[in-house]
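Here the sequence shown is numbered in my numbering, starting from 26 and rising by one per residue.
A quick write-up on the structure given underneath.
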Amino acid sequence: MQNTSDLIVILGTGGTIAGTAVDASDNVGYSAAQLGVAQLVAAIPMLAARRLETEQVAQLDSKDMDFATWQRLAERVATHLARPEVAGIVITHGTDTLEETAYFLQRVLAPSKPVVITAAMRPATALLSDGPQNLLDATVVALQSFVGGVLVVLGGAIIDAQQVRKVHSYRLNAFAPAEGGHVGVVEEGQVRWLSRPLLPLLPLIPLMPLMPAFGLARIARSVDAWPRVEILFNHVGCDGAVVRALLAQGVDGLVVAGTGNGSLSSGLEAALRQAQAQGVMILRSTRCDAGPVSASETALPSAGALSPVKARVEMLLTLLGSSD
Ligand code: ASP
Numbered sequence: 026m027q028n029t030s031d032l033i034v035i036l037g038t039g040g041t042i043a044g045t046a047v048d049a050s051d052n053v054g055y056s057a058a059q060l061g062v063a064q065l066v067a068a069i070p071m072l073a074a075r076r077l078e079t080e081q082v083a084q085l086d087s088k089d090m091d092f093a094t095w096q097r098l099a100e101r102v103a104t105h106l107a108r109p110e111v112a113g114i115v116i117t118h119g120t121d122t123l124e125e126t127a128y129f130l131q132r133v134l135a136p137s138k139p140v141v142i143t144a145a146m147r148p149a150t151a152l153l154s155d156g157p158q159n160l161l162d163a164t165v166v167a168l169q170s171f172v173g174g175v176l177v178v179l180g181g182a183i184i185d186a187q188q189v190r191k192v193h194s195y196r197l198n199a200f201a202p203a204e205g206g207h208v209g210v211v212e213e214g215q216v217r218w219l220s221r222p223l224l225p226l227l228p229l230i231p232l233m234p235l236m237p238a239f240g241l242a243r244i245a246r247s248v249d250a251w252p253r254v255e256i257l258f259n260h261v262g263c264d265g266a267v268v269r270a271l272l273a274q275g276v277d278g279l280v281v282a283g284t285g286n287g288s289l290s291s292g293l294e295a296a297l298r299q300a301q302a303q304g305v306m307i308l309r310s311t312r313c314d315a316g317p318v319s320a321s322e323t324a325l326p327s328a329g330a331l332s333p334v335k336a337r338v339e340m341l342l343t344l345l346g347s348s349d
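As structure tokens, then:
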């Protein structure tokens, strides 16, 4: 008898994995989001025997990912995860904003089944196209995973949503955990779990010691009413003029990627304190590739170890929640 919970649903959103170029040797001059997710699956013979469903949720280059697509994607993931026959979800995505979507879905849904996001650094037409192997690996992880949560699978590596970062603009192995190690690796259709706490073969356990799900209902409002949260940097000669320009335009929150341990130039700090006094939410992150920003009672609030883009997701959700 067939296992009743071995169905994998593959949701397509576009990206380079669905991209095509006129010339197979052209790895950069291609159009992303050209092939449907069903075509991507059909190109992988090893998936033919699997119980799969596909659904095209969006078709875009992830540099253009938007709140409306996030809302739709989160709703489709939640709907499919609620089906008892579904073992897990795979999402095909562009690499550019993949880490933001991964963190967003983890925080909104905190799924108890695996939700595996994959992508490609080369279009589907490339001489060395990484998409098919990545999609096959992601499906394997969704089927074999005994951990719930949002995972990212690329280049044979499994990374969790909190740690994952795009660290290279060109090479195939473009993603890495900010700190710590990989959750596991996929080799020849087998997952090898590396993360020590995951080694006991427990039934689906939450991957991260994370906050409870923010919830779909709280992101359901019209995207026109979502808060405006911008990211800015500290840098040599930074005088806070960008903050003042944003204040003049109207902004609800600012994530500042500070230098080092979240340090800010005097001019930038003064401008941010002025914004805070006017009711703008501020979080201090770091422009370093990894590491936390230490909290202190006298400094502007810290984003902990979240990267600037993930701190922005956190702030968006906090602001959405505070205006419930
Ligand atoms: N610009 C593409 C995207 O993010 C890049 C990729 O998928 O690798 O959709």
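Cβ atoms here follow ideal geometry from the backbone N, Cα and C, with glycine treated the same way.
- Scanning the region 253-332 from its first residue to its last, the whole alpha helix (DSSP H) runs of 4-plus residues come out as 266-274, 291-302.
- According to DSSP, residue pairing for residue 138 in a beta bridge does not occur.
- Excluding its 5 nearest sequence neighbours in each direction, residue 138 has C-beta neighbours in its own chain below 6 Å: 106, 113, 173, listed in chain order.
- A direct Cα-Cα distance of roughly 16 Å separates residue 53 from residue 198.
- Residue burial is scored here from C-beta neighbours: residue 294 has at least 16 other C-beta atoms within 10 angstroms and is therefore classed as buried.
- Between residue 80 and the set 93, 97, 74, 87, the nearest pair of CA atoms involves 97.
- Out of 66, 147, 188, 200, the CA that lies nearest to the CA of residue 164 is found in 66.
- Note that the C-beta distance between residue 130 and residue 102 is below 8 Å.
- Assignment of alpha helix (DSSP H) within the region 61-89, counting only whole runs of 4 or more residues, yields 62-67 in chain order.
- Beyond the five residues adjoining it in sequence on each side, residue 313 comes within less than 7 Å, by CB distance, of 285 in the same chain, given in chain order.
- The Cβ atoms of residue 239 and residue 337 do not sit closer than 8 Å to each other.
- Excluding its 5 nearest sequence neighbours in each direction, residue 330 has C-beta neighbours in its own chain below 6 Å: 317, listed in chain order.
- Distances between the C-beta of residue 154 and the heavy atoms of the ligand ASP are all 7 Å or more.
- Residue 74 is not a Cβ neighbour of residue 58, given a cutoff of 8 Å.
- Unbroken alpha helix (DSSP H) stretches of 4 residues or longer found wholly inside the region 158-232: none.
- Using a Cβ distance threshold of 8 Å, residue 276 and residue 246 do not count as a contacting pair.
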